[in-house]
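Working notes for the structure below.
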Amino acid sequence: MIVAVDGPAASGKGTIARAIARRFDLPHLDTGLLYRAVGLNLLRWGGDPESEFSALRACDFSQMDFADAELKSEAVGGIASRISVYPMVRQALVERQRQFAGQPGGAVLDGRDIGTVIAPDADAKLFVTARPEVRAQRRYEELKRFGLDVHLADVLLDIQARDERDRNRATAPLRPAADAELIDTSEMGVEAAAAQAIAVIERRLHVSI
Ligand code: DC
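In structure tokens, the structure reads:
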């Protein structure tokens, strides 16, 4: 079974995807980490995020430690969003994601274009959203827990800029697949949202048996 979980930054899609993976005993890939790895490579090499060719060169992950905490930083997330508009970068990362999705038994992938581009034939598709203010508050609390000195207003601006770029890029923009189930986590905890997501998938599995 392939499960596609898409949605904007800090919507809770990662937590939901991990809960689904645990429930159905499936491997999970956070595809945002791939774009973040390109961003971190660029940052370390002093490459120019404005250059598509420079970003393409940064798609070599042979030296990347995917456990590196810096991958999760806001700075790297911002560069990831900027370089993810480039068709050549997206193309360079497609195969790795499709192979993960296509492994025997299936997988759960979360990102922006899983249900639309990477795995359009996924057995279940979820699109997880929440109001920008709610997502900013969540991200703000997370960054505070990491001991970072941030301001809520800046985090909100950052999320809005990221949404704008992710939704309006020409290649594989963030949007729900026509057959995706929408889950709005604005008014519920992410745990409750994960339970709802699992119920949606169980219902779909039941229908297809
Ligand atoms: O989910 P995230 O915040 O870790 O993703 C970082 C950036 O990577 C996001 O702003 C856009 C890009 N991305 C993408 O374009 N396609 C994906 N499937 C996953 C992430």
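Going by numbering that gives the first Met the number 0, the sequence shown opens with residue 0, and the numbers climb by one from there.
Backbone N, C-alpha and C fix where the C-beta goes; we use that ideal spot for every residue, glycine too.
Here the structure is a predicted model, which means the values were calculated and not measured.
query, result
"Distance CB(ASP165)-CB(PRO175) smaller than 8 Å", "no"
"Three-state secondary structure (DSSP) of ALA3", "strand"
"Sequence-distant residues of its chain with Cβ nearer than 6 Å to PRO26 (five each side left out)", "ALA106"
"Outcome for GLN96 when other beta-carbon atoms lying within 10 angstroms are tallied against a minimum of 16", "buried"
"Burial state of SER61 (16 or more Cβ within 10 Å)", "exposed"
"Cα-Cα separation, ARG43 to ALA79", "13 Å"
"At least 3 beta-carbon pairs within less than 8 Å: the segment 142–153 vs the segment 198–206", "no"
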